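*Asks:*
2 protein chains.
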Amino acid sequence: MSIHFKCDRDTLLKGLSTVEKAVELRNIKPILEGVYIQAKRDGIVLKATNLSLSIETMVEGDVVSEGEIVVSARVFYEILSKYTAGMIDFDMEEENRLKISNNHSKTQLSVMDAAEFPGFPLVPEKGAIVLPQNVFKQMLATTIFSAAISDARPILKGVLMEVESNSLHIVALDGYRLAFRKMALANGVPDIKAIIPSSAFREVIKILEDSDDDLAIYLADNIACIKTNRTQIFMRLLEGEFIKYKNILPSEYKSKIKLNRNEISDSVERASILARNEKDKLVKFSIVDDFLTITSASELGEAFEQVDIFLEGKHIDIAFNAKYLSDVFKVIDDDNIILEFNTNVSPCVIRSGENDDFLYLVLPVQMR
Amino acid sequence: MSIHFKCDRDTLLKGLSTVEKAVELRNIKPILEGVYIQAKRDGIVLKATNLSLSIETMVEGDVVSEGEIVVSARVFYEILSKYTAGMIDFDMEEENRLKISNNHSKTQLSVMDAAEFPGFPLVPEKGAIVLPQNVFKQMLATTIFSAAISDARPILKGVLMEVESNSLHIVALDGYRLAFRKMALANGVPDIKAIIPSSAFREVIKILEDSDDDLAIYLADNIACIKTNRTQIFMRLLEGEFIKYKNILPSEYKSKIKLNRNEISDSVERASILARNEKDKLVKFSIVDDFLTITSASELGEAFEQVDIFLEGKHIDIAFNAKYLSDVFKVIDDDNIILEFNTNVSPCVIRSGENDDFLYLVLPVQMR
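Chains as they are written, first to last, in numbering that gives the first Met the number 0: chain A, 0 to 367; chain B, 0 to 367.
(1) Along chain A, in chain order, which residues have C-beta atoms closer than 7 Å to that of I272(B)?
(2) Assuming L45(B) contacts V34(B) (C-beta within less than 8 Å), just tell me the rounded distance between them.
(3) May I have a chain-ordered list of the alpha helix (DSSP H) segments no shorter than 4 residues that lie completely inside the stretch 214-280 of chain A?
(4) Based on the DSSP secondary-structure assignment, which residues constitute the bridge partners of Y35(A)?
(5) Give a yes or no on whether the minimum CB-CB distance between F290(A) and chain B is below 8 Å.
(6) Would you say L271(B) and K280(B) are within 8 Å of each other, going by their C-beta atoms?
(7) For the stretch 102-122 of chain B, list every residue whose C-beta sits within 8 Å of some C-beta in chain A, in sequence order.
(8) Take the Cβ of V287(B) as the centre, count every other Cβ of all protein chains shown within 10 Å, and call the residue buried at 16 or more, exposed below.
(9) Taking only three categories from DSSP, how would you classify A127(B)?
(10) Return the residue from the list Q231(B), I263(B), K245(B) that minimises the CA-CA distance to L121(B).
(11) Would you please state the rounded distance, in angstroms, between the beta carbons of I204(A) and A140(A)? I believe it to be under 8 Å.
(12) Anything in chain B within Cβ reach of D265(A), meaning under 8 Å, just list it in chain order.
(13) For F402(A), go through chain B and note every residue whose CB falls closer than 7 Å to its CB, in chain order.
(14) Just checking my contact of L362(A) with R176(A) at CB under 8 Å: how many whole Å lie between their CB atoms?
(15) With the cut-off set at 8 Å, would you say I206(B) and L236(B) are in Cβ contact?
(16) Could you name the residues of chain A that E268(B) contacts, counting a contact when the two beta carbons are closer than 8 Å?
(17) Determine which residues of the stretch 297-326 of chain A have a Cβ less than 8 Å from any Cβ of chain B, and write them out in chain order.
(18) Under 8 Å between C-beta atoms, does S71(B) make it to chain A?
(19) Is the CB-CB distance between E32(A) and A84(A) below 8 Å?
(20) Based on the DSSP secondary-structure assignment, which residues constitute the bridge partners of E339(B)?
(21) Report the option in A171(A), M234(A), V74(A), L108(A) whose CA atom is closest to the CA atom of A147(A).
(22) Hey, how far is the Cα of G187(B) from the Cα of N165(B)?
(23) Could you pull the start and end residues of the alpha helix (DSSP H) that V18(A) belongs to?
(24) Going by DSSP, what residue range makes up the beta strand (DSSP E) through K192(A)?
(25) Return helix, strand or coil for F357(A), following the three-state DSSP convention.
(26) Write down the C-beta distance between E388(A) and R269(A) rounded to the nearest angstrom, noting that I regard them as a contact closer than 8 Å.
(27) Would you kindly check if the distance between the Cβ of D334(B) and the Cβ of N259(B) is under 8 Å?
(28) Give me the Cα-Cα distance between K125(B) and C224(B), rounded to the nearest whole angstrom.
(29) On the CB-based measure, 16 or more other CB atoms within 10 Å of its CB, does R152(A) come out buried or exposed?
(30) Buried or exposed for G14(A), please, with buried defined as at least 16 other CB atoms from any protein chain shown within 10 angstroms of its CB.
(31) Quick one: residues in its chain with C-beta nearer than 6 Å to the C-beta of K143(A), no 5 flanking neighbours on either side, listed in chain order?
(32) Taking the C-alpha atoms as reference points, what is the distance between K255(A) and L310(A)?
(33) Have a look at E55(B) and Q37(B) and give me their C-alpha separation to the nearest angstrom.
(34) Mind checking whether A302(B) and T106(A) have CB atoms under 8 Å apart?
(35) For L52(A) and L218(A), I'd like the C-alpha separation in whole angstroms.
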């Protein structure tokens with residue numbers, strides 16, 4: 000076993016910070032806390048996996064002698080980040096010891112057996128969903144917060160990705176709220192469904208860049224793969240049937256209001272400070288003519304907020320958990336939003352006033 | 000009981016963020032979680048106290064009706080920070096309810112009885128130690144990290160402030176390291192000593208600004224007071240005798256090295272990553288001729304670091320807890336530093352290469 004390569008510190012750190020999102024943090028198996036490093040003629044391959052999420056990327060370097068090793072991801076990252084910037088030499092002279100060095104510093108790091116590192120799937124060769132990286136990142140950021148956190152119904156910790164008639168849908172819901180986002184695909188892709196762990200998508204968001212370069216998504220039987228220029232991300236799918244979400248979406252409304260997103264967002268934030276029950280920050284809405292009045296109360300005091308609205312339909316009094324509203328207001332980036340109501344025990348639909356590609360649904364809290 | 004005033008949101012938030020450092024966080028007595036607000040002809044006085052640390056400041060506002068109240072510091076701050084910027088009206092119309100309002104928002108906050116709020120000491124009228132705010136802030140920042148954290152010897156959680164022959168000394172030590180800083184005073188002040196809780200000084204650092212406006216410090220029998228333009232900070236002194244620190248300072252050395260601070264600082268940081276015992280990150284120094292070699296080892300690997308030095312005196316091998324060195328290197332801001340040694344079981348003295356106003360002392364770790 001030998002390996003010898005030279006690599007720029009910042010280049011290597013950037014690659015490491017991409018793959019480290021898949022490093023296993025629970026003390027399960029030492030090899031999964033490692034980063035796999037392969038020096039190949041065409042560059043340095045880095046890999047990490049927690050068996051559910053697996054990430055592979057490639058960085059540039061000068062390869063003197065090809066080889067593969069595994070080192071502790073955390074220790075390797077910490078050491079490199081303390082090295083001075085510039086080229087660093089990596090060389091396995093002694094058995095089980097990687098020598099890291101530059102002019103002034105020399106570090107010898109224990110290595111693990113690369114043969115023990117789990118194999119990675121191959122990227123499927125066809126059926127890619129192709130869309131710009133920044134668009135997909137935005138679709139995830141505005142939906143996955145609605146996925147369940149609790150383990151009560153494991154399938155709700157997943158996010159549905161489906162292609163239906165050349166339209167890509169992303170759906171997340173937790174029993175109290177639902178986020179739906181769609182996008183027309185340019186290329187012809189057959190209809191398909193997959194449920195991806197929201198935990199994996201939370202790491203994917205951190206890796207994707209705000210670039211309009213295309214990425215390709217491949218959905219297979221038990222795995223999804225996202226491929227960018229230098230990086231492949233593999234996510235094991237959740238098994239089971241997703242909630243039939245279309246049955247939940249209301250097809251009509253009795254009241255519809257249009258209002259400024261910042262105004263309602265700030266008002267809900269202020270009102271929620273005085274709704275002191277942390278678990279269920281109750282805020283009451285009263286919609287009459289030109290105003291939405293938001294109130295809350297606790298032993299600390301009372302809040303009254305008034306927001307200008309355009310109302311179409313009937314007056315309504317309805318109450319919400321402030322957190323579920325705030326979460327949505329944070330991710331919509333349009334100035335005007337629309338809220339649609341039926342009764343004060345049926346879901347409220349929240350839409351952008353300018354964009355038809357997404358929809359949120361929030362259940363009200365029953366008032367006593 | 001009534002009160003009515005108008006105040007700019009950001010002005011009030013700035014004042015609140017000053018006094019909130021003294022708000023009691025342990026659930027001891029509700030009134031101590033409050034901020035005292037007094038509307039007076041000449042402005043709005045804000046006060047908070049945890050009985051050990053007490054802070055009073057004044058902000059500008061339009062007083063319609065004088066009065067005093069106490070409200071929950073945390074809730075009041077949270078609400079104001081969510082209000083839109085600009086003038087806000089504060090009015091106690093109802094008994095026990097402070098109405099906070101602007102054009103769109105209205106909040107009614109429970110108030111506590113101002114008569115229950117602890118009285119504040121008076122600022123002594125003479126004997127002030129006068130020095131620029133930024134200089135005092137810097138003196139604190141470069142010493143108080145050496146005070147003890149543990150309760151084993153309560154007096155070591157204090158910081159000694161003493162005036163001796165018109166020189167102000169600040170000293171903190173925890174049994175493993177000592178930080179000493181001095182400054183010649185321009186005005187004539189009688190010799191005096193006081194031991195101030197390091198916890199209070201940690202809050203003082205956050206309040207002081209990087210301005211060269213003077214502040215005045217008054218040391219009385221059981222209290223110290225720091226007075227800036229708008230703010231007074233009162234700190235209850237610790238009782239007892241401080242360690243006779245002058246007896247600990249070595250009067251000579253057998254080896255003295257001069258070296259670049261950044262180089263030794265970075266090398267110690269890198270070596271400490273592989274010194275995995277969190278409690279006692281052992282790094283070994285070997286000083287021979289023109290080089291300081293720093294090494295460390297653990298099951299993760301080994302580090303070797305070499306730093307250029309100018310040596311005067313004998314070769315020496317000595318070991319340290321890396322944390323005590325890093326802490327010092329972070330606060331010295333000169334390029335060159337000096338380390339003085341006697342034996343590998345006696346304290347090492349660390350000085351600036353350019354400035355005689357401070358001195359650190361670090362105990363070595365005995366090597367087996």
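Note that CB positions come from ideal geometry on N, CA and C, so glycine has one too.
Since we're looking at a predicted model, the values are computed, not measured.
*Replies:* Reading from the atomic positions:
(1) For the purposes of this step, residue 272(B) is taken as residue 273 along the second sequence, with counting starting at 1. Ordered by position in chain A, the residues that pass the 7 Å Cβ test against I272(B) are V74, E77, I78, K81.
(2) Here residue 45(B) refers to the residue found at position 46 when the second sequence is read from its first residue. Here residue 34(B) refers to the residue found at position 35 when the second sequence is read from its first residue. Contact annotation, L45(B) with V34(B): C-beta distance approximately 6 Å; criterion of less than 8 Å satisfied.
(3) DSSP assignment within the stretch 214-280 of chain A yields the following whole alpha helix (DSSP H) runs of 4 residues or more, N-terminal first: 260-272.
(4) Reading the first sequence from its first residue, position 36 is the one you call residue 35(A). Per DSSP, K46(A), V69(A).
(5) By one-based count along the first sequence, residue 290(A) stands at place 291. Output row for F290(A): interface = no.
(6) Working through the second sequence from its first residue, we reach residue 271(B) at position 272. Working through the second sequence from its first residue, we reach residue 280(B) at position 281. Checking the sequence, you will find Ser at residue 271(B) rather than Leu. In contact: S271(B) and K280(B) (Cβ atoms closer than 8 Å).
(7) Of all residues in the stretch 102-122 of chain B, H103, S104, K105, T106, Q107, L108, S109 have a Cβ within less than 8 Å of some Cβ in chain A.
(8) As a first step, residue 287(B) is located in the second sequence; it is residue number 288 there, counting from the start. So V287(B) counts as exposed.
(9) Position 128 of the second sequence, counted from the first residue, corresponds to residue 127(B). Correct three-state label for A127(B): coil.
(10) The sequence position of residue 121(B) within the second sequence is 122, counting from 1. The candidate whose alpha carbon is nearest that of L121(B) is Q231(B).
(11) In the first sequence, the residue the question calls residue 204(A) occupies position 205. In the first sequence, the residue the question calls residue 140(A) occupies position 141. Right, their Cβ atoms sit about 6 Å apart.
(12) Translated into positions along the first sequence, residue 265(A) becomes position 266. The answer, in chain order, is K81, T83.
(13) Not covered by the structure: residue 402(A). The range shown for chain A is 0 to 367.
(14) One-based indexing of the first sequence puts residue 362(A) at position 363. One-based indexing of the first sequence puts residue 176(A) at position 177. That pair is a contact at about 7 Å.
(15) Sequence index remark: in the second sequence, residue 206(B) carries index 207 (1-based). Sequence index remark: in the second sequence, residue 236(B) carries index 237 (1-based). For I206(B) and L236(B), no; Cβs fall outside 8 Å.
(16) Your numbering for residue 268(B) matches position 269 in the second sequence. Result: K81.
(17) Under the 8 Å Cβ criterion, the stretch 297-326 of chain A contributes E298, L299, G300, E301, A302, F303, E304, Q305, V306.
(18) The residue given as residue 71(B) occupies position 72 in the second sequence. Chain A contact via Cβ: present.
(19) The residue labelled residue 32(A) in the question sits at position 33 within the first sequence. The residue labelled residue 84(A) in the question sits at position 85 within the first sequence. Contact: no.
(20) The residue given as residue 339(B) occupies position 340 in the second sequence. The partner list for E339(B) (beta bridge, DSSP) reads K255(B), V348(B).
(21) For the purposes of this step, residue 147(A) is identified with residue 148 of the first sequence, where counting begins at 1. Distances from the CA of A147(A) to each of A171(A), M234(A), V74(A), L108(A) were compared; the closest alpha carbon is that of A171(A).
(22) Residue 187(B) sits at position 188 when you count from the first residue of the second sequence. Residue 165(B) sits at position 166 when you count from the first residue of the second sequence. Cα-Cα distance, rounded: 6 Å.
(23) For this step, residue 18(A) is matched to residue 19 along the first sequence. Boundaries of the alpha helix (DSSP H) harbouring V18(A): 8-18, taken from the DSSP string.
(24) In the first sequence, residue 192(A) corresponds to position 193, counting from 1. Looking at the DSSP string, the run of the beta strand (DSSP E) that includes K192(A) is 191-196.
(25) Here the question's residue 357(A) lines up with position 358 in the first sequence. Three-state DSSP puts F357(A) in a strand.
(26) Outside the displayed range of chain A (0 to 367) lies residue 388(A), so it cannot be described from this structure.
(27) Against the second sequence, residue 259(B) aligns to sequence position 260. Against the second sequence, residue 334(B) aligns to sequence position 335. With respect to the 8 Å criterion, N259(B) and D334(B) are classified as neighbours on the basis of their beta carbons.
(28) Locating residue 125(B) in the second sequence gives position 126, where the first residue counts as 1. Locating residue 224(B) in the second sequence gives position 225, where the first residue counts as 1. Between K125(B) and C224(B), the C-alpha separation is close to 12 Å.
(29) What you label residue 152(A) is simply residue 153 of the first sequence in a count that begins at 1. When all chains shown are included, R152(A) counts as exposed.
(30) Looking up residue 14(A) in the first sequence gives position 15. Buried is the label assigned to G14(A), since at least 16 other Cβ atoms lie within 10 Å of its Cβ.
(31) Within the first sequence, the letter at position 144 stands for residue 143(A). The sequence as given places Ile at residue 143(A); Lys does not occur at that position. Short of 6 Å from the beta carbon of I143(A), and not among the five residues preceding or following it, lie these beta carbons of its own chain, in chain order: V158, A171, S197, F200.
(32) Position 256 of the first sequence, counted from the first residue, corresponds to residue 255(A). Position 311 of the first sequence, counted from the first residue, corresponds to residue 310(A). So the two alpha carbons sit approximately 6 Å from each other.
(33) What you label residue 55(B) is simply residue 56 of the second sequence in a count that begins at 1. What you label residue 37(B) is simply residue 38 of the second sequence in a count that begins at 1. Whole-angstrom Cα-Cα distance: 11 Å.
(34) Translated into positions along the second sequence, residue 302(B) becomes position 303. Translated into positions along the first sequence, residue 106(A) becomes position 107. Taking 8 Å as the Cβ cut-off, A302(B) and T106(A) qualify as a contacting pair.
(35) For the purposes of this step, residue 52(A) is taken as the residue at position 53 of the first sequence. For the purposes of this step, residue 218(A) is taken as the residue at position 219 of the first sequence. It is roughly 14 Å from the alpha-carbon of L52(A) to the alpha-carbon of L218(A).
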